[in-house]
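> Take a look at this one; I'll ask things after.
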Amino acid sequence: MALHLAIQDAILTEIARPEFSAALPPLSDEAWRSIVGNTPRAHKENERLEFLGDAMMYAALGHHLYTQIPDGTPGLFTEVRAALHSNLTFSRLAEKLDIFAVSDYVLKALTARTFGEGTSAPEKTKGHVKATADLFETVIGSYYLECGYQALCSWVDDLYFPLVAAGRRAYGDNMVQECPRKRFTLL
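Counting from 125, one number per residue, gives the positions in the sequence shown under the numbering used here.
This is how it looks when you write it as structure tokens:
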């Protein structure tokens, strides 16, 4: 648990840096209308898109880790992906995303859900973090359906490169601390 928290903290610190910036993946007006729609049908579809977005991010992050860290171990990949693929990371990323080229209606709806640059709340409840992360996954699901897996992987590569580097450093630093020198006795 300490290792996961150290990796998560390193990733969140990277996201909080003023130099870190990210752009929302481009979606059609129709996709946005569905995402921010307030009907039972839109809600049901958003839950389906959230499921898809979650699954596609899991796969895209696995692919990204495999290519960015060619000498990585399954243990490293698993620990770093767990922190990258968490509701807290998704929520913080969603708060930091630049939202351009969307209608005023969509912008207002996203801002009300603490989604997009400048909307971060210092103390979010676990429920608010989850809601923002769910919306992030819904956007990812829509993007995947509109643009495909390769486009999603390219977007993930750009966005997550510094986050993976931060997670990898934290993993290495903590593995060194957690592996004290073993003492051997000669028989």
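No residue lacks a Cβ here, since even glycine has one placed at the ideal position from N, Cα and C.
Only a predicted model underlies this, so the values are computations on that prediction, with no experimental measurement involved.
(1) Excluding sequence positions up to five away, which residues of its chain have a Cβ less than 7 angstroms from the Cβ of R205?
(2) Please state whether the Cβ-Cβ distance between Y268 and L208 is less than 8 angstroms.
(3) Near F260, which residues of its chain fall below 8 angstroms by C-beta distance, leaving aside the five closest residues on each side in sequence?
(4) For D195, count neighbouring Cβ atoms within 10 angstroms of its own Cβ and tell me buried if that reaches 16, exposed if not.
(5) Is the beta carbon of S266 less than 8 angstroms from the beta carbon of I159?
(6) Quick one: Cα of D258 to Cα of I193, how far?
(7) Could you check how far apart the C-beta atoms of N211 and K254 are, in whole angstroms? I think they sit under 8 angstroms.
(8) Below 8 angstroms between beta carbons: does that hold for A134 and G291?
(9) Run through DSSP, which three-state label would L269 get?
(10) Short of 6 angstroms in beta carbon distance, which residues of its chain neighbour L200, apart from the five on each side in sequence? Order them along the chain.
(11) Less than 8 angstroms between the C-beta atoms of N298 and A179, yes or no?
(12) Starting from F214 and walking both ways along the alpha helix (DSSP H), at which residues does that stretch end?
Taking the structure as given:
(1) Within the same chain, Cβ atoms closer than 7 angstroms to the Cβ of R205 are found at L185, G186, L189, the five residues on either side in sequence being excluded.
(2) Their beta carbons are not under 8 angstroms apart, which means Y268 does not touch L208 by this criterion.
(3) So the list reads G177, F214, S215, L217, A218, F239, once near-sequence residues are dropped.
(4) Classification for D195: exposed.
(5) Yes; because the gap between Cβ atoms is below 8 angstroms, this pair is in contact.
(6) Each residue's Cα considered, the two are about 28 angstroms apart.
(7) Under the criterion of beta carbons closer than 8 angstroms, N211 and K254 qualify as touching, at roughly 5 angstroms.
(8) Judged by their CB atoms, A134 and G291 are nearer to each other than the 8 angstroms cut-off.
(9) Looking at L269 - three-state DSSP - the assignment turns out to be helix.
(10) Excluding residues within five positions, the ones whose Cβ falls inside 6 angstroms are Y295.
(11) Cβ distance not < 8 angstroms, so N298 and A179 don't count as in contact.
(12) Counting along the chain, the alpha helix (DSSP H) containing F214 begins and ends at 211–220.
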